[in-house]
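Participant:
Number of protein chains: 4
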Amino acid sequence: MTASPAFEPIELRSDNAAGVAPEMLAAVAAANEGSAIAYGGDRLTAALRELVRDVFEHAHAEVFPVVSGTAANSLALSALCPPWGSVLCHESAHIIVNEGGATSLFSGGGVMRGLPGDQYRISPQAVQQAFDRTNWGDPHHSQPAVLSLTCPTDFGTVYSPSQIAELTALAHSRGLRTHLDGARLANAVVAQRCPPAALLTHSGIDAFSLGAIKNGALSTDAIVCFQPEASEQLVYRVKRAGHVASKMRFQSAQLVAYLTDGLWLRLAQRANDAMAQLSTGLRALDMELLAEPEANMLFARVGAEATERLKASGLLFYEMPGGVVRFVCSFQTTADDVAEVLRRAEVALS
Amino acid sequence: MTASPAFEPIELRSDNAAGVAPEMLAAVAAANEGSAIAYGGDRLTAALRELVRDVFEHAHAEVFPVVSGTAANSLALSALCPPWGSVLCHESAHIIVNEGGATSLFSGGGVMRGLPGDQYRISPQAVQQAFDRTNWGDPHHSQPAVLSLTCPTDFGTVYSPSQIAELTALAHSRGLRTHLDGARLANAVVAQRCPPAALLTHSGIDAFSLGAIKNGALSTDAIVCFQPEASEQLVYRVKRAGHVASKMRFQSAQLVAYLTDGLWLRLAQRANDAMAQLSTGLRALDMELLAEPEANMLFARVGAEATERLKASGLLFYEMPGGVVRFVCSFQTTADDVAEVLRRAEVALS
Amino acid sequence: MTASPAFEPIELRSDNAAGVAPEMLAAVAAANEGSAIAYGGDRLTAALRELVRDVFEHAHAEVFPVVSGTAANSLALSALCPPWGSVLCHESAHIIVNEGGATSLFSGGGVMRGLPGDQYRISPQAVQQAFDRTNWGDPHHSQPAVLSLTCPTDFGTVYSPSQIAELTALAHSRGLRTHLDGARLANAVVAQRCPPAALLTHSGIDAFSLGAIKNGALSTDAIVCFQPEASEQLVYRVKRAGHVASKMRFQSAQLVAYLTDGLWLRLAQRANDAMAQLSTGLRALDMELLAEPEANMLFARVGAEATERLKASGLLFYEMPGGVVRFVCSFQTTADDVAEVLRRAEVALS
Amino acid sequence: MTASPAFEPIELRSDNAAGVAPEMLAAVAAANEGSAIAYGGDRLTAALRELVRDVFEHAHAEVFPVVSGTAANSLALSALCPPWGSVLCHESAHIIVNEGGATSLFSGGGVMRGLPGDQYRISPQAVQQAFDRTNWGDPHHSQPAVLSLTCPTDFGTVYSPSQIAELTALAHSRGLRTHLDGARLANAVVAQRCPPAALLTHSGIDAFSLGAIKNGALSTDAIVCFQPEASEQLVYRVKRAGHVASKMRFQSAQLVAYLTDGLWLRLAQRANDAMAQLSTGLRALDMELLAEPEANMLFARVGAEATERLKASGLLFYEMPGGVVRFVCSFQTTADDVAEVLRRAEVALS
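Residue numbers (the working numbering), protein chains in the order written: chain H, 2 to 351; chain A, 2 to 351; chain U, 2 to 351; chain V, 2 to 351.
1. Which same chain residues end up closer than 6 angstroms to Met298(H) when comparing Cβ atoms and leaving out the 5 residues on each side of it in sequence?
2. Just to confirm my understanding: we take Gly20(A), look at its own chain, exclude 5 residues before and 5 after, and list those with CB closer than 7 angstroms. What are they?
3. Applying the criterion that 16 or more other CB atoms from any shown protein chain within 10 Å of the CB defines a buried residue, is Trp85(V) buried or exposed?
4. What does the alpha-carbon distance come out to for the pair Gln252(H) and Pro66(H)?
5. For Leu256(A), decide whether its Cβ has a neighbour in chain H, counting only Cβ atoms nearer than 8 angstroms.
6. For chain U, check one thing: does any of its Cβ atoms lie closer than 8 angstroms to the Cβ of Tyr237(A)?
7. Provide the residue span of the beta strand (DSSP E) that contains Asp338(A), from first to last.
8. Which same chain residues end up closer than 6 angstroms to Glu58(H) when comparing Cβ atoms and leaving out the 5 residues on each side of it in sequence?
9. If the cut-off is 7 angstroms on Cβ atoms, which residues from the stretch 136-148 of chain V count as contacting chain H, listed in chain order?
10. In this structure, how does DSSP classify Met276(A) when only helix, strand and coil are distinguished?
11. Starting from the C-beta of Gly304(V), find all residues in its chain whose C-beta is less than 7 angstroms away, skip the five residues before and the five after it, and write them out in chain order.
12. Can you list, in chain order, the stretches of the alpha helix (DSSP H) that have 4 or more residues and sit fully within the stretch 235-322 of chain U?
13. Name the residue from Glu230(H), Ser210(H) and Asn188(H) whose alpha carbon lies nearest to the alpha carbon of Arg267(H).
14. Going by DSSP, what residue range makes up the alpha helix (DSSP H) through Gln1(V)?
15. For Gly20(A), decide whether its Cβ has a neighbour in chain H, counting only Cβ atoms nearer than 8 angstroms.
16. Using the beta-carbon of each residue, which ones in chain V are nearer than 8 angstroms to Gly101(A)?
17. Can the beta-carbon of Gln193(V) be found less than 8 angstroms from the beta-carbon of Ser161(V)?
18. Under the three-state reduction of DSSP, which class applies to His61(U): helix, strand or coil?
19. How do the stretch 88-96 of chain U and the stretch 92-101 of chain H stand: do at least 3 beta-carbon pairs fall below 8 angstroms, yes or no?
20. Going by the DSSP bridge assignment, what does Val225(A) pair with across the sheet?
21. List the DSSP bridge partners of Glu51(V).
22. Can you tell me whether Ile11(A) is helix, strand or coil according to DSSP?
23. Residues of chain U with CB under 9 angstroms from Gly315(A), in chain order?
24. Is Asp337(U) buried or exposed, if buried means 16 or more other CB atoms sit within 10 Å of its CB?
25. Using the three-state DSSP reduction, which class does Arg194(A) fall into: helix, strand or coil?
26. Closer than 8 angstroms, CB to CB, is Leu106(V) near chain A or not?
27. For Asp222(V) versus Ala213(V), is the C-beta distance shorter than 8 angstroms?
28. Which value, in whole angstroms, describes the spacing of the CA atoms of Glu9(U) and Ala346(U)?
29. Output the boundary residues of the beta strand (DSSP E) element that contains Ala22(A).
30. Determine whether the Cβ of Thr71(H) lies closer than 8 angstroms to any Cβ atom of chain A.
31. Please classify Gln144(V): does DSSP put it in a helix, a strand, or coil?
32. Answer yes if the stretch 235-249 of chain A comes into contact with the stretch 278-296 of chain A, meaning at least three C-beta pairs across the two stretches below 8 angstroms, and no otherwise.
33. Verify the CB distance criterion: does Val88(U) have a CB-CB separation below 8 angstroms to chain H?
34. For Ser180(A), does the count of other Cβ atoms within 10 angstroms reach 16, so buried, or fall short, so exposed?
35. Distance, Cα to Cα, Met2(U) vs Asn216(V)?
36. Work out the CA separation of Ala47(U) and Met249(V) for me, nearest whole Å.
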């Protein structure tokens with residue numbers, strides 16, 4: 002039973018449905034030589050630490066490989082936010098909506114406080130308003146302790162370095178620390194055409210999740226932390242969360258390959274380029290995009306009927322409420338894939 | 002600067018310093034084809050579930066891949082023990098001594114209660130005594146809720162199926178659930194020359210850690226759970242601990258390869274055989290072994306001077322208090338390695 | 002330096018600024034005779050249990066005296082909501098806004114999820130919408146586990162028994178449990194002119210906070226629980242929160258006096274009557290009330306200038322954003338107090 | 002039905018079975034005048050703060066009234082010990098044995114580590130040994146963070162100021178903080194015939210539980226904290242544990258009366274004196290005391306038969322394993338009570 006070529010599935014559900022970048026798989030295989038002390042005492046983990054300091058231009062950056070973005074976000078926040086604190090974030094943020102309470106678990110009761118904001122971005126006004134509504138120092142009220150930005154947002158939009166800098170300055174002015182959920186960090190860096198440090202280090206971010214899994218890694222994301230006190234805590238917090246991999250050399254090997262010679266940015270460029278090509282094509286078909294895609298994700302309102310036809314054509318994607326569909330490109334999405342998606346969309350939408 | 006062959010390091014520190022078994026690395030590479038839905042909805046994770054049910058002879062077993070033994074133990078215990086309960090275990094158990102409080106974190110405050118016992122094994126008498134000393138139903142006192150056995154123990158000794166059955170029957174008689182820390186489970190199964198289910202399923206174990214990392218895996222251990230209510234909890238508990246790998250197919254691929262056609266037992270057999278050969282040889286050199294090694298680990302009292310000579314000879318091992326050394330063999334320890342260790346030991350001990 | 006009578010302070014800030022009802026203080030003094038076993042094994046605590054079962058018409062109700070409403074709410078919720086669950090409540094609820102994260106602490110990470118609703122009341126539509134937006138069974142999403150109503154609300158409005166019954170039926174239909182924050186429960190019962198059981202037991206509430214402190218008690222509120230499994234948990238949960246008073250007979254003595262012969266309702270009637278008299282008088286002065294006060298609290302928009310004049314006249318009250326003031330009457334607010342407030346308000350508002 | 006005088010019960014079970022000291026009940030009644038802002042903003046709570054600073058001779062001491070010793074201990078420890086830390090204490094300490102896991106709950110997973118020690122006292126050698134066995138800085142191992150002493154111990158023995166000073170110096174030398182469980186603090190101060198500050202402030206204690214309930218209070222113990230960073234945390238930690246009493250003036254009133262003009266020491270002196278008289282008498286009857294009672298508690302081995310006769314004579318006391326009985330005197334134990342106990346004991350033991 003063979004499907005006709007027209008119905009071969011094309012993957013647009015999520016970049017975490019993609020496979021492993023060959024360079025990273027090769028790095029794992031290359032690390033499989035001899036024995037190495039467990040839990041991060043190995044040579045590759047040391048190399049990773051140096052590389053992170055170099056790439057993000059921070060002499061005291063620490064890096065903690067962990068197995069998922071949920072772990073990266075919630076462990077970083079637990080070291081930045083006291084148990085009675087709150088984390089200000091967009092009301093759509095993954096840390097509120099999609100992590101099953103991991104953030105309150107690891108922080109010992111910290112509260113995620115959602116702020117509104119167009120296109121899933123928080124504005125300085127929204128932060129200021131949250132500050133104004135806070136009874137500072139009153140123990141009845143969870144005290145704002147961290148500002149967490151998601152970049153790219155779950156809507157595919159990207160903060161610019163200057164937008165981030167304005168928000169972190171405001172946060173720091175009230176003693177908050179700053180966190181960035183970078184599940185798709187490379188896609189944001191590439192979108193902004195800036196050095197990685199411009200978006201993070203030089204924009205006032207204290208700790209961030211370095212997403213790698215959605216962009217070609219096998220089994221690891223990482224926390225990067227510039228805040229010495231939080232880094233000291235993370236040594237213990239990551240361990241007692243069970244996230245210190247025993248054979249950490251194989252996690253570090255992936256991340257070393259990822260950050261070496263800009264592989265991470267090249268992989269993300271492919272995904273962003275595919276998305277740019279796709280969105281241009283879909284606009285030409287008069288599809289109603291909810292926003293201009295800035296990274297590797299788009300949302301479009303196509304209605305229930307066209308959605309069914311798109312599904313029937315073999316496209317794999319997520320449906321959102323209100324007849325909206327989400328398409329995500331990964332480093333594995335080829336120009337041929339995009340062309341084929343456009344062919345099928347033309348039929349489905351006509 | 003080349004070391005003379007006599008001083009080539011030989012790895013005896015821990016089996017988690019070993020590399021990845023080629024069969025498991027190949028399975029990862031083979032899984033890297035096409036796209037697959039994330040978080041365990043993939044084909045390989047489904048296959049793993051079936052395989053676990055088959056190997057452990059339990060129709061409703063559930064399996065949860067996680068990145069470390071710490072995660073496997075502490076998450077399983079969190080689903081078996083209420084926050085006000087206590088876990089009875091040997092006073093040397095990893096869950097007390099070596100997991101940095103992970104067990105209290107994930108259980109929301111559960112207490113590990115250490116019991117004494119020869120050769121790191123708990124006796125039914127010690128369990129009965131703990132029961133006798135408990136004020137059952139008194140909320141001032143943490144209520145015994147789980148009996149956790151470690152097999153092989155951190156001393157390298159192994160419980161027999163009948164020993165386990167006697168302990169679990171006692172635990173169940175007072176309403177406790179039963180857990181087994183199987184960080185080196187394959188080594189125990191091989192040592193007991195029994196089917197895996199004899200040691201676990203048929204001996205009254207409710208949930209266990211299926212160690213794979215110390216025996217050739219790349220990045221995953223797993224929880225196996227026979228207790229439906231606990232399994233239901235684990236769906237949520239594992240997620241909010243950040244241990245649901247996004248690209249789970251690559252974790253499942255390792256475990257499928259591991260459990261297929263007895264690979265896990267063949268790998269463990271190599272480690273146990275190497276240890277048997279090594280301990281026989283060391284006894285012949287009059288080394289004082291603290292116990293007869295039953296799996297892949299031995300402890301010997303050699304004194305401070307001989308310890309220094311052993312280190313100087315290039316052997317890599319852990320030193321314990323009191324002039325005791327610990328040697329661990331892995332699936333990668335060859336007969337040649339053992340012969341070379343014995344040669345150097347002969348010199349060092351003479 | 003004596004203040005002129007016109008400037009004697011009159012207390013309208015909160016009913017928790019009031020003193021202790023003489024009947025309850027007398028009950029404490031009467032309990033101070035002989036010795037009594039600690040931690041609730043005493044005669045008065047036994048009497049309290051029987052009284053609660055009688056007043057709330059539930060043969061298996063359990064009662065747990067605790068020192069504050071925060072403890073009552075957050076401990077009850079911790080027994081009703083698993084650590085990965087969420088509690089649906091009004092976005093203004095005390096359990097979100099005013100308890101400093103107590104709810105996530107005691108539940109081990111449970112998430113409070115605020116719903117919108119006019120006059121601080123949740124509508125069945127809002128609950129249904131929350132259900133519709135939930136990915137049931139998806140561990141990425143906190144699963145709705147409890148519906149918590151506040152009655153009277155923090156806006157002074159009251160749910161009717163039939164409104165509560167409709168909401169709890171909806172909640173139970175999806176497997177949620179139901180909780181009522183009754184910090185001012187007596188005021189609600191009196192406002193509804195119904196038997197206490199009509200508002201709670203017969204309306205499908207599973208557990209509630211029995212507020213006593215704001216209505217004349219010295220040092221205790223209580224949890225009342227109809228749900229046997231939750232009650233069993235609360236024995237341990239209350240203890241390990243440090244809320245099992247050692248000399249519990251003195252806490253129980255207060256609550257026994259409170260619930261005996263309707264003292265609690267008579268005290269609340271005084272507060273509600275004073276508020277009715279006050280709101281009638283303020284309306285006659287053309288003050289803009291934000292809602293018809295249904296219990297012992299009103300909110301009025303008076304503007305910044307009149308607020309200052311009201312303060313200068315010696316009235317003690319809380320200011321809210323937007324030129325709104327909050328007035329609360331307690332069981333100690335007399336008819337003379339109300340008359341005097343109205344006299345001063347007439348001057349301040351003219 | 003009247004019991005013969007010989008069988009009137011005499012209370013020796015626990016000092017928490019005693020009633021309220023009249024002076025403290027009068028203070029509560031006196032506080033019941035007018036209204037007062039809730040949650041500690043009142044005049045009496047301010048007075049309490051000053052009094053604590055005066056009595057304990059520390060200009061920056063902070064005091065937090067809470068409803069139980071369990072709350073006082075576990076909240077104080079939560080502010081002194083990070084979630085990955087351990088608290089070194091005697092293996093018999095209440096915080097391990099009798100608080101149902103409150104310490105791990107409030108600390109977010111901290112581990113209580115029991116040390117051996119004669120007569121329930123920890124020796125410097127035991128602390129040093131614990132230090133020697135610690136892998137400092139290794140996240141696999143809970144890091145010692147607090148030394149907690151119980152004084153008087155649960156065995157009725159008392160540390161001297163110099164013993165405490167030696168232990169706290171050792172603890173501070175390794176960066177630990179120091180805590181004292183003073184559930185019966187007044188009895189220890191009286192036993193040592195020293196100023197309160199000599200036992201605490203000048204002996205290097207960072208925070209302690211100020212027990213009041215067992216010595217005449219109605220409904221409150223307190224945390225006293227000399228450590229500014231911990232005090233800052235406690236503002237939030239106490240609130241979100243539900244231990245900030247709404248009408249705190251009535252809790253503070255008790256403690257103000259308690260600490261004013263040495264009432265607390267006079268009450269404890271009565272209990273210690275009664276115990277001294279009782280133990281002298283019992284020795285004269287050849288009863289085998291397990292230790293010389295230093296405060297208000299004794300343990301004696303009397304065997305099963307004599308225990309039954311003592312119970313039959315109307316004495317109320319606790320039985321321990323091995324035919325041991327525990328007798329506790331309170332501030333309410335009179336000389337007549339003691340004489341009557343001795344009369345009955347003479348009969349029972351003969």
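Glycine included, every Cβ here is placed at the ideal spot set by N, Cα and C.
Facilitator: The answer reads as follows:
1. Here the set comprises Gly157 and Val329.
2. If we look at Gly20(A) and ignore the five residues flanking it on each side, its Cβ neighbours are Gln333.
3. With a 10 Å radius around the Cβ and a threshold of 16 neighbouring Cβ atoms, Trp85(V) comes out buried.
4. Distance between the alpha carbons of Gln252(H) and Pro66(H): 7 angstroms.
5. No, its Cβ sits nowhere closer than 8 angstroms to a Cβ of chain H.
6. True, the Cβ-Cβ gap to chain U drops below 8 angstroms.
7. Annotation for Asp338(A): no beta strand (DSSP E) segment contains it, though the alpha helix (DSSP H) segment containing it runs Ala336 to Leu350.
8. Answer for Glu58(H): Ala198 and Thr202, listed in chain order.
9. Answer in chain order: Pro140 and His141.
10. Three-state DSSP puts Met276(A) in a helix.
11. Same-chain partners within the cutoff: Gly324.
12. Counting only runs of 4 or more residues that sit fully inside the stretch 235-322 of chain U, the alpha helix (DSSP H) segments are 249-260, 264-285 and 304-313, in chain order.
13. Taking only the C-alpha atoms, the option nearest Arg267(H) is Asn188(H).
14. Look at the range of chain V in this structure, 2 to 351, and you will see that residue 1(V) is not part of it.
15. Yes, its Cβ sits closer than 8 angstroms to a Cβ of chain H.
16. Those are Trp85, Pro140, His141, His142 and Ser143, listed as they occur along chain V.
17. By the CB criterion at 8 angstroms, Gln193(V) and Ser161(V) fall inside the cutoff.
18. Coil at His61(U), not helix or strand.
19. Touching, no.
20. DSSP lists Val64(A) and Phe209(A) as partners of Val225(A).
21. As computed with DSSP, Glu51(V) is found in no beta bridge at all.
22. In the structure shown, Ile11(A) falls within a strand segment according to DSSP collapsed to helix, strand and coil.
23. Neighbours of Gly315(A) on chain U: none; closest Cβ ~48 angstroms, over 9 angstroms.
24. The residue in question, Asp337(U), is exposed, as its Cβ has fewer than 16 Cβ neighbours within 10 Å.
25. If DSSP states are grouped into helix, strand and coil, Arg194(A) belongs with coil.
26. Yes, because at least one Cβ of chain A sits closer than 8 angstroms to the Cβ of Leu106(V).
27. The Cβ atoms of Asp222(V) and Ala213(V) lie closer than 8 angstroms to each other.
28. Here the C-alpha atom of Glu9(U) lies approximately 14 angstroms from the C-alpha atom of Ala346(U).
29. Per DSSP, Ala22(A) belongs to no beta strand (DSSP E) and is neither H nor E.
30. It does; some Cβ of chain A falls within 8 angstroms.
31. DSSP, read as helix, strand or coil, puts Gln144(V) in strand.
32. Between the stretch 278-296 of chain A and the stretch 235-249 of chain A, the count of Cβ pairs shorter than 8 angstroms is below three; the stretches do not touch.
33. With 8 angstroms as the cut-off, Val88(U) does not count as an interface residue toward chain H.
34. According to the sequence shown, residue 180(A) is His rather than Ser. When all chains shown are included, His180(A) counts as buried.
35. Any reading at Met2(U) must be qualified, since the residue scores a pLDDT of 36, below 50, and its modelled position is unreliable; no value is offered.
36. As the crow flies, the alpha-carbon of Met249(V) is around 27 angstroms from that of Ala47(U).
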